[in-house]
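Asker: I am attaching a structure below and will ask some questions about it afterwards.
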Amino acid sequence: MTRRLLLVDDDDGVRLVARTALERVGGWAVTAVSSGEEALGQAATDPPDAILLDVMMPGLDGPATLAELRTNPLTAHIPVIFLTAKARTTHHARLLELGASGVLVKPFDPMQLSNEVAAVLGFGP
Amino acid sequence: MTDDERRVERRVRREAQEWMHVVAESVVESIVGVDLDGRIVFANSRARALFGDAPLSPLIGRSAAELISDQSPAQIATLISKAESGDPSGRLEMVARSATGEQIPLDITFSPAHLDGRRVYIASGRDLTDQRRAQRALERISQQQHLILTSSADGIVQIDRTGIVVYANPSAHRILRRRVGSMHGHSLHTMTHRADDEGRVEPWVSSKIWRTLEDGEILSNQRDMFARADGLPIPVSFTSAPIIEDGATSGAVVVFTDVSEQAAVERAKEEFVSLVSHELRTPLTSLKGSLGLLTGGVFGPLPDEAQEMLQLAVSNTDRLVRLVNDILDLQRVDDGRLQLHLQPHRLGQLVDDAVSTVAGLYASRGVLLQPSGSALDDLDVVCDGDRIVQVLTNLLGNAAKFSAPGTTVVVTSNLDPGAGDIVIDVTDQGRGIPHERLEQIFERFEQVDSSDARHGSGSGLGLTISRVLVEMHGGWLTVVSEQGKGSVFSARLPIAGPPQEAEQ
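Here the protein sequences come in this chain order: A and B. Residues in the first sequence are numbered consecutively from 167, following this note's numbering. Residues in the second sequence are numbered consecutively from 2, following this note's numbering.
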């Protein structure tokens, strides 16, 4: 069965690239949205297998979106991977403390993105 | 009067004169005796030296008025009448003319006396020249101090033992938005501290200034808040130093600077770094991603030339990413915000990670990479693994860039058991570095020569950051090179990690 991933990023370019990489290279079924608010609605109506969530977004940012997801029984269990433009490990540690399954760094290698997501989730490549 | 009585009287008179002579010669004052006509009838040797006493113009017999350059008969008359009435407190400052024509300030007292049966006045003058000079010097110093205090941009406040302001310079008033002179007599702490939103005020006894008064310590606080008169809190840095008098603290001097602007600059810098971090990486993510998908063949095979062009775009995008990372790293170093995450790491693993990162570069340049694989591979080194891999990757990358195809780069690790250090050497067979450039290559944006930029992929910051990172670990990064033969870069690291810094 095709794994379904919800991609959340406010940048059109990043969304297109990540979506293409995950679909074409990794074979994921990707739904892409551009804000935390949209992500909450989408995840509740059609819960995905995992969420790839940008950290810095206008409005509801990544950590706030994660916190909201955790309060809704429909979305509380969905593994979330942060996608961050900050490279520091201290920053990553803080994100993991919020309850994320993993942290991936921008810019990513598009040919490896799907493998990295799978590795974080404990899926085979 | 009998002969005996006359002899006794003569002896007493002689002894009295001798005694007077001894006294007159042993004091620091110039002493002259003046008769009622104003003629000098007696002078001690100091007076003779001062006014001159040559055989052709002897001092004895001259008019006393000639000796004084600013005669003031009324004052002299007052002094004389005081002396006549037995009041010895009368004194007068006069300017005398010395034998060499100098104006000598004298402090003069008059006493009536008898000399050889005649009425005379003894004028005793103390030379005030040195005292005047010292006074002028003191005035100069105090003027200079006044100038420093009034022109300083820093607030300078002197408080007494209880924290009450004794003096505050104009800048102290300006920074705290108070009328000049209005701080005098008030508690500095009360003036500069307001209750916070919850009604709490920092207690005086927990302030550093109080501790200076209490313990006599010089203390400073780089970041404190002072309240202005209008209630606005401003960030300040201050130093408080005790005033010690007779071994006890009698007060303190507090020097403070308004660091609002500095704080604003720091905030702006942090925002900028964050902006660079996010706003540069986001477009780079799209660039790198789309180019990576194209060269990865996701959209089908491409003509060779197109593939080559895309490869160029990919490698330059990677270079931009590294440049952004390096600039951010250096910014953190400059701000003191770069922190190491220390853990034991297997030496072999660190080298392997770096080697696999640069494997593609070596393959593309046709340079061979030979990791040593030694007994030390299992050694645990306490370090920030990511950072040491970053250093080794940088050294290996540089070695590849400056090596001709077919040559070999070797990584070796050696133990310095005496120092408890591990030394990792990266040896290349490249063109080497001229002796005079050896230290410069660690400077920011330095390349061995301008053509190096064309070798590509360097940010010009790699060695600078590598050296900083190794030094933060308590080690050092050095290079030995011979032109035409190659270079050896050595990273020396304490096995047990950076030495614990003494507590501040």
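Every residue gets a Cβ at the ideal spot worked out from N, C-alpha and C, and that includes glycine. In this text, all values refer to a predicted model and were calculated from it rather than measured experimentally.
What in chain B is Cβ-close to residue 274/A, meaning under 9 Å?
Answerer: The residue you call residue 274/A lines up with position 108 of the first sequence. Residues of chain B passing the Cβ test: 286, 289, 290, 293.
Asker: Around the Cβ of residue 34/B, are there at least 16 other Cβ atoms within 10 angstroms (buried) or fewer (exposed)?
Answerer: For the purposes of this step, residue 34/B is identified with residue 33 of the second sequence, where counting begins at 1. The residue is buried, with at least 16 neighbouring Cβ atoms inside 10 Å.
Asker: In chain order, what residues of the same chain lie with their CB nearer than 8 Å to the CB of residue 13/B, ignoring the 5 residues before and after it?
Answerer: The count along the second sequence starts at 1 and reaches residue 13/B at position 12. Hits under 8 Å: none found.
Asker: In the DSSP assignment, what are the bridge partners of residue 249/A?
Answerer: Here residue 249/A is taken as the residue at index 83 of the first sequence, counted from 1. DSSP output for residue 249/A lists 220/A, 270/A as bridge partner(s).
Asker: Does the Cβ of residue 437/B lie closer than 8 Å to at least one heavy atom of the ligand SAH?
Answerer: The model on display carries no ligand, and the ligand SAH is accordingly not part of it.
Asker: Could you tell me the distance, in whole angstroms, from the CA atom of residue 279/B to the CA atom of residue 215/B?
Answerer: For the purposes of this step, residue 279/B is identified with residue 278 of the second sequence, where counting begins at 1. For the purposes of this step, residue 215/B is identified with residue 214 of the second sequence, where counting begins at 1. Near 50 Å, if we compare the C-alpha coordinates of residue 215/B and residue 279/B.
Asker: Hey, residue 476/B and residue 422/B are a contact pair by Cβ (cut 8 Å); roughly how many whole angstroms apart?
Answerer: Indexing the second sequence from 1 puts residue 476/B at position 475. Indexing the second sequence from 1 puts residue 422/B at position 421. Their Cβ separation, rounded to whole angstroms, is 7 Å, which keeps residue 476/B and residue 422/B in contact under 8 Å.
Asker: Could you tell me whether the Cβ atoms of residue 394/B and residue 428/B are closer together than 9 Å?
Answerer: Along the second sequence, one-based indexing puts residue 394/B at 393. Along the second sequence, one-based indexing puts residue 428/B at 427. For residue 394/B and residue 428/B, no; Cβs fall outside 9 Å.
Asker: Quick check on residue 299/B - is its C-beta less than 9 Å from some C-beta in chain A?
Answerer: Stepping through the second sequence from its first residue, residue 299/B is reached at position 298. So yes, residue 299/B belongs to the interface.
Asker: Compute the beta-carbon to beta-carbon distance between residue 110/B and residue 92/B, rounded to the nearest angstrom, for a pair I have assumed lies under 8 Å.
Answerer: Stepping through the second sequence from its first residue, residue 110/B is reached at position 109. Stepping through the second sequence from its first residue, residue 92/B is reached at position 91. The pair is a contact, with the Cβ atoms about 5 Å apart (cut-off 8 Å).
Asker: Helix, strand or coil: which one does DSSP assign to residue 257/B?
Answerer: On the second sequence, residue 257/B is found 256 positions in, with the first residue counted as 1. Residue 257/B falls in the strand class under three-state DSSP.
Asker: My output table needs one value for residue 280/A: the three-state DSSP class, helix, strand or coil.
Answerer: Within the first sequence, numbered from 1, the residue matching residue 280/A stands at position 114. The answer is helix: DSSP assigns residue 280/A an H, G or I state.
Asker: Please name the residues in the region 305 to 326 of chain B whose beta-carbon is closer than 7 Å to at least one beta-carbon of chain A, in chain order.
Answerer: So the list reads 322, 326, given in the order they occur along the chain.
Asker: Going by other Cβ atoms of all chains shown within 10 Å of its Cβ, with 16 needed for buried, is residue 46/B buried or exposed?
Answerer: Within the second sequence, numbered from 1, the residue matching residue 46/B stands at position 45. Exposed, because fewer than 16 other Cβ atoms sit within 10 Å of the Cβ of residue 46/B.
Asker: Who are the Cβ neighbours of residue 236/A in its own chain at under 6 Å, not counting the five residues just before and after it?
Answerer: Mapped onto the first sequence, residue 236/A falls at position 70. Closer than 6 Å at Cβ, skipping near neighbours: 242.
Asker: Do residue 292/A and residue 173/A have their C-beta atoms within less than 9 Å of each other?
Answerer: This structure leaves residue 292/A out entirely; chain A is present only between 167 and 291.
Asker: Mind checking who residue 122/B pairs with in its DSSP beta bridge?
Answerer: Taking the second sequence and counting its residues from 1, the one referred to as residue 122/B is at position 121. In DSSP, residue 122/B forms a bridge with 35/B, 113/B.
Asker: How about residue 285/A: is its C-beta nearer than 9 Å to some C-beta of chain B?
Answerer: Taking the first sequence and counting its residues from 1, the one referred to as residue 285/A is at position 119. It does not: the Cβ of residue 285/A has no partner Cβ on chain B nearer than 9 Å.
Asker: Evaluate contact between the region 293 to 305 of chain B and the region 267 to 274 of chain B, counting only Cβ atoms and requiring at least three cross-stretch pairs below 8 Å.
Answerer: Contact fails: fewer than three Cβ-Cβ distances are below 8 Å.
Asker: At least one CB of chain A closer than 9 Å to the CB of residue 278/B: is that the case?
Answerer: Position 277 of the second sequence holds residue 278/B. Interface residue, yes.
Asker: Rounding to the nearest angstrom, what Cα-Cα distance links residue 317/B and residue 298/B in this structure?
Answerer: The residue given as residue 317/B occupies position 316 in the second sequence. The residue given as residue 298/B occupies position 297 in the second sequence. For residue 317/B and residue 298/B, the distance between alpha carbons rounds to 19 Å.
Asker: Does the distance from the C-beta atom of residue 221/A to that of residue 251/A stay below 9 Å?
Answerer: Here residue 221/A is taken as the residue at index 55 of the first sequence, counted from 1. Here residue 251/A is taken as the residue at index 85 of the first sequence, counted from 1. Contact: yes.
Asker: What does DSSP give as the partner residue(s) for residue 370/B in the beta ladder?
Answerer: Taking the first residue of the second sequence as position 1, residue 370/B is located at position 369. Its beta-bridge partners are 410/B.
Asker: Within 10 angstroms of the Cβ of residue 194/A, are there 16 or more other Cβ atoms? Answer buried if so, exposed if not.
Answerer: The count along the first sequence starts at 1 and reaches residue 194/A at position 28. Under this definition residue 194/A is a buried residue.
Asker: How do the region 350 to 365 of chain B and the region 396 to 405 of chain B stand: do at least 3 beta-carbon pairs fall below 8 Å, yes or no?
Answerer: They touch, by the three-pair rule.
Asker: Quick check on the DSSP output: the beta strand (DSSP E) that includes residue 347/B runs from which residue to which?
Answerer: By 1-based counting over the second sequence, the position of residue 347/B is 346. 344 to 347 is the span of the beta strand (DSSP E), which, as asked, contains residue 347/B.
Asker: In the region 196 to 215 of chain A, which residues sit with their C-beta less than 8 Å from some C-beta in chain B, listed in chain order?
Answerer: Correct list: empty, as no residue qualifies.
Asker: Which ranges would you report for the alpha helix (DSSP H) in the region 139 to 179 of chain B if only whole runs of at least 4 residues count?
Answerer: Segments of the alpha helix (DSSP H) lying fully in the region 139 to 179 of chain B: 171 to 176.
Asker: Cβ closer than 7 Å: which chain A residues qualify as neighbours of residue 268/B?
Answerer: Within the second sequence, numbered from 1, the residue matching residue 268/B stands at position 267. What residue 268/B touches in chain A: nothing, since even the nearest Cβ is about 18 Å away.
Asker: Please classify residue 346/B as buried or exposed, where buried requires at least 16 neighbouring CB atoms within 10 angstroms.
Answerer: Indexing the second sequence from 1 puts residue 346/B at position 345. Residue 346/B is buried by the Cβ-count criterion.
Asker: By DSSP's criteria, residue 243/B is part of a beta bridge. Which residues make up the other side?
Answerer: What you label residue 243/B is simply residue 242 of the second sequence in a count that begins at 1. Answer is 253/B.
Asker: Going by other Cβ atoms of all chains shown within 10 Å of its Cβ, with 16 needed for buried, is residue 11/B buried or exposed?
Answerer: By one-based count along the second sequence, residue 11/B stands at place 10. Exposed.
Asker: Check whether the Cβ atoms of residue 202/A and residue 226/A lie closer than 9 Å to each other.
Answerer: As a working mapping, residue 202/A is identified with position 36 in the first sequence. As a working mapping, residue 226/A is identified with position 60 in the first sequence. In this structure, residue 226/A lies closer than 9 Å to residue 202/A by Cβ.
Asker: Give me the Cβ distance between residue 94/B and residue 113/B, rounded to the nearest whole Å; I'm assuming they're in contact under 8 Å.
Answerer: Within the second sequence, the letter at position 93 stands for residue 94/B. Within the second sequence, the letter at position 112 stands for residue 113/B. In fact, because the Cβ distance is near 21 Å, the residues do not count as touching under 8 Å.
Asker: Since residue 99/B and residue 51/B should fall inside the 8 Å C-beta cutoff, what is the C-beta to C-beta distance between them, to a whole number of angstroms?
Answerer: Along the second sequence, one-based indexing puts residue 99/B at 98. Along the second sequence, one-based indexing puts residue 51/B at 50. About 6 Å separates the two Cβ atoms, so the contact holds.
Asker: How about residue 286/B and residue 229/A: do their beta carbons lie closer than 9 Å?
Answerer: For the purposes of this step, residue 286/B is taken as residue 285 along the second sequence, with counting starting at 1. For the purposes of this step, residue 229/A is taken as residue 63 along the first sequence, with counting starting at 1. Not a contact, by the Cβ cut-off of 9 Å.
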